[in-house]
Every structure is written in C-alpha cells, then in structure tokens.
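Q: The structure under discussion is supplied below as structure tokens; questions concerning it will follow.
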C-alpha cells in the first residue's frame, strides 16, 4: 500500500505512463571544488560529485542518453524518458554554458523533460529565466486530463504534436533540484557547504516565481544534528514554495572528509531503525501534494563506507511501508489530510 506521494506515481498520473529518469554527466564543476569557495568540497561529497564522471571522460550527453535508452528499451519499450543532470552543480559557470547545455538536452531523441541538479548559489535571475524558457506549456490533453504518451514517426519515445513533444522545441517537464541540506547555518558551515540558508530561500523563491518546479534536498543525520534539528529543517523547507522533496539519510562515502571524521570516531551515522522512525515522523508533516522524489539515499557501487544498511534500498523501503502501516500513518496526515486518504493513496 502506497503511503507517500512518489515521483513515479506523480509521473504516471500526469502522463499516463512510466517515466524513467536517465542520469547524465555534463562535465560540470562546483565552486566548492575549483577554489572559488573552497578546494575541499562538502564533507559528504565524493570525487565524482554524486555522478558517473562520464562527462569528464569525454562521453557526450547524446552518447550517454542513447546508451541508457538501449538498456531500458530492452526491458520496457513503452516507458517515457527524462534527463537528469546530476553530477556536481550544472548551472555553475557562464550563462552561455547553461544555454548550450539546455539546447543539447532539448535535442535528445524522445526526451520528455529535464531535472537540473545544482547549488542555490549557482543560479541568479538570468539563469533561472533560461530554465523557465525551456519549459513549454503542454496542451492537447485527453478528456481525462492526462498527457497521453505515444511514439513519434522515428520510433523514439515522444508525445503527440502539440502535447509537449519535441516538435515545438521545448520540454514538458522541468525540475530544478537544489541542495538545501539543512536549515541550520551552523551545520552548513560544519559540512563546508559554502552558502547559508538565506541563499537557499532566495533561490527557491526566485525559481518558483518563474513557474519552475523546485525539488529541495534535505539530509537527515548530518554531523551535529539530531532528530529535532532535522525536523526543524523539514518545517523550514515546507515554508518555501517547493513542489518536491528528496530526503537523504547521511551515509559515509569513501575518500571524503566525512569518512575521515567517521574513521576517527567523530561521526556516527543513523541506525536503520532510527531513520525509519524519523521518516514516520516526517512524512505525515508533509502536505499530500508534495512530490517525494526520494526518501532515502542511493550510494554508488563501491563508494559506501558506512552504514552497511544504506545499500539495502529495497529493505529500507519495505521497513518504512510496514512501519507506516502499523502506525496508520501516511504523507499529509498531520498536514492536510488527517481523516481521508489522498488521491494517490494505494496507487
């Protein structure tokens, strides 16, 4: 039984089909790595900036995209696809770089949309205008209000003409994914984040003013924070005009500053049951319409130092579903739907 509003359900309800996000590495950098702010990076960030590193190794976006398409179409040819610019800070650098990047994404065969991962301090009005301009207003819905998925004449996944497909040069779905991490400036300094909460608030509000869907990332179990601190961060994030959330349990990647702190005994990650309990407290506080892009971290193969349970994604999700069911809880119960099930419930 589904007890939180997943991204998969959001996509299926909106487009009438499964939408697969394809991670792409655009060879981006980060001001917290290139010396503009620091050379050390955030304490939890690995050397690839939470990405594949394929961009730095010379693979174009189209080459990466087609490789993933071939893989996914072998198992499910009817799903739709969306680009996810994940590695490092994809809006960092001159505006011309971002403009070229968005043009390349829009030209990818069968690309429904894009999610752009970045930092709040790597935006500004001009870049936000660019992101807003690449989003089209989808039309041509069916009588049920769903953007009906089909194939185009070239056999690529796409949409009917006028319904947000690539014929009119835009993208139906544009998400801006911002690493907010915490509402506490002391924590942001402790993890060498390089920006403060005021910067995050400005970025979210300016993006929302332009009609962009913003997904905020929050981390549970950051050094120096307890359950109460995380819930304060959650309440702060919910006061902002966000459309989605990603909740991450902090894990320790090899070769990071956090790994050194952990090995010295200065950091202890959350236990599995502690994190599940925390989610059972957090999810009911989140309005039912908020799209939950993620409720746990997903370490890359070989990078995880601790805790071991962070690699057990399916097991943690199973634990969470059982705990929510046992406690008769669901997303939004303490926010906006205390006595009724949301529309997506059980989907």
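Numbering (full-length UniProt numbering), first residue to last: 1 to 347.
Ideal placement from N, C-alpha and C gives every residue a C-beta, glycine not left out.
Under a three-way DSSP split, which group does residue 11 fall into?
A: Taking the chain shown and counting its residues from 1, the one referred to as residue 11 is at position 11. Secondary structure at residue 11: helix, using DSSP grouped into helix, strand and coil.
Q: Leaving out five residues on either side along the sequence, give the residues of the same chain with a beta carbon under 8 Å from the beta carbon of residue 108.
A: Position 108 of the chain shown, counted from the start, is the residue given in the question as residue 108. Cβ within range, chain order: 61, 62, 65, 83.
Q: Using DSSP's beta-bridge definition, name the partner residues of residue 23.
A: Within the chain shown, the letter at position 23 stands for residue 23. According to DSSP, which records beta bridges pairwise, residue 23 is partnered with 84.
Q: Given this structure, state the Cα-to-Cα distance separating residue 115 from residue 215, to the nearest angstrom.
A: To locate residue 115, count along the chain shown from 1; it is residue 115. To locate residue 215, count along the chain shown from 1; it is residue 215. Going by the C-alpha atoms only, they are around 9 Å apart.
Q: Per DSSP, residue 219 forms a beta bridge with which residues?
A: For the purposes of this step, residue 219 is taken as the residue at position 219 of the chain shown. DSSP lists 248 as partners of residue 219.
Q: Among 105, 195, 313, 125, whose alpha-carbon lies nearest the alpha-carbon of residue 171?
A: Here residue 171 refers to the residue found at position 171 when the chain shown is read from its first residue. Residue 171 has its Cα closest to that of 105, out of 105, 195, 313, 125.
Q: Could you check how far apart the C-beta atoms of residue 184 and residue 229 are, in whole angstroms? I think they sit under 8 Å.
A: Translated into positions along the chain shown, residue 184 becomes position 184. Translated into positions along the chain shown, residue 229 becomes position 229. Rounded, the Cβ-Cβ distance is 6 Å, consistent with contact.
Q: In terms of residues, what are the limits of the alpha helix (DSSP H) holding residue 65?
A: Here residue 65 corresponds to residue number 65 of the chain shown, with the count starting at 1. Here the alpha helix (DSSP H) through residue 65 covers 61-73.
Q: From residue 5 to residue 332, what does the alpha carbon distance come to, in whole angstroms?
A: For the purposes of this step, residue 5 is taken as residue 5 along the chain shown, with counting starting at 1. For the purposes of this step, residue 332 is taken as residue 332 along the chain shown, with counting starting at 1. Each residue's Cα considered, the two are about 9 Å apart.
Q: Closer than 7 Å by C-beta to residue 37: which residues in its own chain qualify, once you throw out the five before and the five after it? Chain order, please.
A: On the chain shown, position 37 is the one that residue 37 refers to. So the qualifying residues of the chain are 31, 194.
Q: Quick one, are the C-beta atoms of residue 320 and residue 311 less than 8 Å apart?
A: As a working mapping, residue 320 is identified with position 320 in the chain shown. As a working mapping, residue 311 is identified with position 311 in the chain shown. Not closer than 8 Å, so no.
Q: Determine the direct distance from the alpha carbon of residue 73 to that of residue 187, and round the result to whole angstroms.
A: Counting from 1 along the chain shown, the entry for residue 187 is found at position 187. Counting from 1 along the chain shown, the entry for residue 73 is found at position 73. Approximately 43 Å, taken between the alpha carbons.
Q: With burial defined as no fewer than 16 other Cβ atoms inside 10 Å of the residue's Cβ, what is the status of residue 317: buried or exposed?
A: Within the chain shown, numbered from 1, the residue matching residue 317 stands at position 317. Looking at its Cβ environment, which holds fewer than 16 other Cβ atoms inside 10 Å, residue 317 is exposed.
Q: Which residues mark the beginning and the end of the beta strand (DSSP E) in which residue 335 is found?
A: Within the chain shown, the letter at position 335 stands for residue 335. Counting along the chain, residue 335 falls outside any beta strand (DSSP E), and DSSP gives it neither H nor E.
Q: Answer yes or no: do residue 89 and residue 122 have a C-beta to C-beta separation smaller than 8 Å?
A: Here residue 89 is taken as the residue at index 89 of the chain shown, counted from 1. Here residue 122 is taken as the residue at index 122 of the chain shown, counted from 1. In this structure, residue 122 lies closer than 8 Å to residue 89 by Cβ.
Q: Given a cut-off of 8 Å on the beta-carbon distance, is the pair residue 204 and residue 231 in contact?
A: On the chain shown, residue 204 is found 204 positions in, with the first residue counted as 1. On the chain shown, residue 231 is found 231 positions in, with the first residue counted as 1. Contact flag unset, no.
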